[in-house]
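Read the structure below first, then the notes.
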Amino acid sequence: MKSIRSIICVCAVICSMMAHAQRIPQALEYTEIYDFIEELTTDGVIQSNAAIKPYSRNYIAQLLLQAHQNDSLLNKRQKEDLHFYMQDYALELDTIPDYKIYGHDNVCQWRSNNPRTDSIKRANYKCDFNLALVDPSLHLITKDKNFKMRVKPILGMDIYASKKGMITRRSYGAEIQMDIAHHVSIWGAIRDNSWRGIKHLNTDFYPTNTQLYAGPRLTQPGFLNTIPGVQYKEVSNGDGGDFSDSRGGINLYAWWGSIGIQRERIQWGDAQYCSNILSAHNPAVPMLTLQLTPCKWFQFDYFHAWLVSNVLDSTYYYSEDYREGETKIHYRPYNKFMAANMFTFMPCKYVQFSFGNSIIYAERNVQAAYFIPIAFYKSLDHLLTKGVRSENQNSQVFATLTVRPTNHLRLYGSFFLDEFKLARLKKSNAEHNPISYLVGFNWSGWPVRGLSLKAEFMRSYIATYTHSINVLNYTSNTYTMGHYMGDNAQSINVQLAYRPVRGLRLTLDYTHDTKYNAYDYVRRSIGEVIKQKPFDEKIWQNDELSFRAIYEVFNNCYAHVDFIYNNTRAYAPNSERHAAEDRGWNADGTSMNLSGQALEEYYLNKYTPIYFQGTNFTFSCGLSFGF
């Protein structure tokens, strides 16, 4: 009887999900739910689409239901985790939490799902909603279920401490999620953040005031690390940096998919550490989105995005009366857009294959042709530009493959191609195609339950993410949208993780990143640039070993402790400077042609936060809710 009731309950919830399938993205910062889904996928309990993220909260709820149906395959800790996460998705599952204000036609009362207390705290007034305060999110559902809402605060504090001093990151904000009439999802979130630490830094490591003020900044364009990119606001006292992060959108949805407009970080390509296709490393961008899921084995994704070029257009400006008799000119940035699509096929639970293409273009106005979701954008580029021999578009092609040959083992790889010529494959041709590839594996749950081993290797060739026209670089807000290591680089990541009990994850990570000769894409001499030997001379390297303990106290609330050792250094190439090679650039774009120690310092400052330069032992801890 118990099993029959369970089956009936699952079927009822599934039917409810089909009618109430809101499409609200689950932010990628909520790492633990994504890690849990990856674990269940690798163990063969569920089947998920690892190529497109973020997942919608509805999609995650469906995956959790899959796991519930296959709970005989779960160990004790996984069952506890499953129950824990299903509470967080109660709004999507139509399972109101245990403690709620429950409304009906004539009375409102407090319920605790306890027959001895269900009758208490009655009020003799009419209400037509269910209201629940959970962890401490606020859930609200109207009587006819035409309106659902979830509100939660966003709070966080992180501390970094080493011989160089202490840096703090403070975050606060709020998030709201709504579902209307079973076909409209609306959400929004605002997060205000700041890096601080100038008063707590050891000035022995900061020779100039400029370096001291920049010391608390652990991310900015050019830095080679996985910390998500931000756009700083002006800070009057020069201490670190303030920045805000506003995301949200509206989706119209049905059983077949959704269409909407949103501002969100997105990741395309199966990767554990950082994707080489779309990595979510850049700040979130506004975009029109389309997702089609006509059947369980096929998914189509498309977006048209408004990127941030950070490149000024000298022909597009306005003026203001700055002082009496003085006019100030303000140049506007170039408009920058991107269109991309991805086709994903899941013919069986063991194989998943995705491919697609994208284009970045710079126009005063959007190009209507790139609103065609299913298109080969390189062909449209030829149609629109070759008649007048203009150069204002940059196209890419990419693919990703995931194979699970057996339970507990997942193999994956991604391929990113910026430009390709068959002639370059000949050994006699010194030119190399600008490509990036990534391979990795995840071994999980055997022979020790809760233990996993993950490894990932990435290589990108010269000029993969750059273009001769700066505004067409594969960037937004000057952050690379692909792998954080950029061009002519490789990255090795290994992680040993253990989940002993519900909510606790222990990880030991090793990272070995190497940056080789840095080249700009110069149209006139691009042939000479890509003739250079890739992965030749190291100019920057980082070795990092870290231990992390993270515990999810309750849904979306994290406490973490980190111990980090890193050794980051830079090198000056021994060879003569090649065409378009970065040996130090002046503000006017001319080469300083630095060498020796001066060049090493240039590379170190360009690619590394001052706080992590050299050899460091860093302690980090934090507590956050809603991140």
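For what it's worth, my numbering labels the leading residue of the sequence shown as 2, then goes sequentially.
The beta carbon of each residue, even a glycine, is placed where N, CA and C say it ideally should be.
Note that this is a predicted model, so its numbers are computed, not measured.
- The way I'd put it, the region 41-48 does touch the region 65-75; three or more beta-carbon pairs between them come closer than 8 Å.
- For secondary structure counted as the beta strand (DSSP E) over 3 or more consecutive residues, the region 525-551 holds no complete run.
- Within the same chain, Cβ atoms closer than 8 Å to the Cβ of Val523 are found at Ser469, Val530, Ala580 and Ala581, the five residues on either side in sequence being excluded.
- Bounds of the beta strand (DSSP E) holding His331 are Glu327 to Cys349.
- In the three-state DSSP reduction, Phe356 falls in the strand class (E or B).
- Taking Met347 as reference, the option from Arg365, Ile373 and Val404 with the minimal CA-CA separation is Val404.
- Residue burial annotation: Trp196 is buried, with at least 16 other C-beta atoms found within 10 angstroms of its C-beta.
- Under the DSSP assignment, Ile38 falls in the alpha helix (DSSP H) whose first and last residues are Thr32 to Thr43.
- When DSSP states are grouped into helix, strand and coil, Ile61 belongs to the helix group.
- If you draw a 10 Å sphere on the C-beta of His433, you find 16 or more other C-beta atoms in it, and that means buried.
- Proximity of the region 504-513 to the region 538-549 meets the contact definition, three or more beta-carbon pairs being nearer than 8 Å.
- Using a 10 angstroms sphere on the CB of Trp269, the tally of other CB atoms reaches 16 or more, which defines it as buried.
- Residue environment analysis places Ile330 among the exposed positions, since fewer than 16 neighbouring C-beta atoms fall within 10 angstroms of its C-beta.
- Two segments are said to touch when three or more pairs of C-beta atoms, one from each, lie closer than 8 Å; by this definition the region 414-427 touches the region 394-404.
- Secondary structure of Leu156 (DSSP, three-state): strand.
- In the DSSP assignment, Leu600 falls within the unbroken alpha helix (DSSP H) covering Gly597 to Tyr608.
- Ser526 is not a Cβ neighbour of Ala490, given a cutoff of 7 Å.
- Per DSSP, Tyr173 is one residue of the beta strand (DSSP E) stretching across Gly166 to Ile181.
- When rounded, the separation of the alpha-carbon atoms in Asp36 and Ser320 is 51 Å.
- For His561, the enclosing beta strand (DSSP E) stretches over residues Cys558 to Ala571.
- By the Cβ test, the region 468-482 is not in contact with the region 443-450, since fewer than three Cβ pairs between them sit closer than 8 Å.
- Setting aside the 5 residues that flank it on each side, Gly258 is surrounded in the same chain by Gln292, Leu293 and Thr294, each with a C-beta closer than 6 Å to its C-beta; the list follows chain order.
- The residue among Arg78, Glu93 and Ala571 with its C-alpha nearest the C-alpha of Leu66 is Glu93.
- Listed as beta-bridge partners of Ser477 by DSSP are Tyr480.
- Under the three-state reduction of DSSP, Val472 is assigned to helix.
- When the five nearest sequence neighbours on each side are left out, the beta carbons in the same chain lying within less than 7 Å of the beta carbon of Asn471 are those of Val312, in order along the chain.
- Comparing alpha-carbon positions, the option among Gly249, Lys516, Glu457 and Leu384 lying closest to Ile191 turns out to be Gly249.
- Tyr317 sits exposed, since fewer than 16 C-beta atoms from the chains shown fall within 10 Å of its C-beta.
- At least 7 Å separates the beta-carbon of Ile199 from that of Gly189.
- Secondary structure of Asn147 (DSSP, three-state): coil.
- Per DSSP, Met87 lies in no beta strand (DSSP E) segment; the continuous alpha helix (DSSP H) that holds it begins and ends at Lys77 to Asp89.
- Counting along the chain, Ala215 sits inside the alpha helix (DSSP H) bounded by residues Asn210 to Ala215.
- DSSP places His383 in the helix class (H, G or I) of the three-state scheme.
- DSSP, read as helix, strand or coil, puts Gln70 in helix.
- By the neighbour-count criterion, in which a residue is buried when 16 or more other Cβ atoms sit within 10 angstroms of its Cβ, Val554 is exposed.
- In terms of Cβ geometry, Lys146 and Asp180 do not form a close pair [threshold 7 Å].
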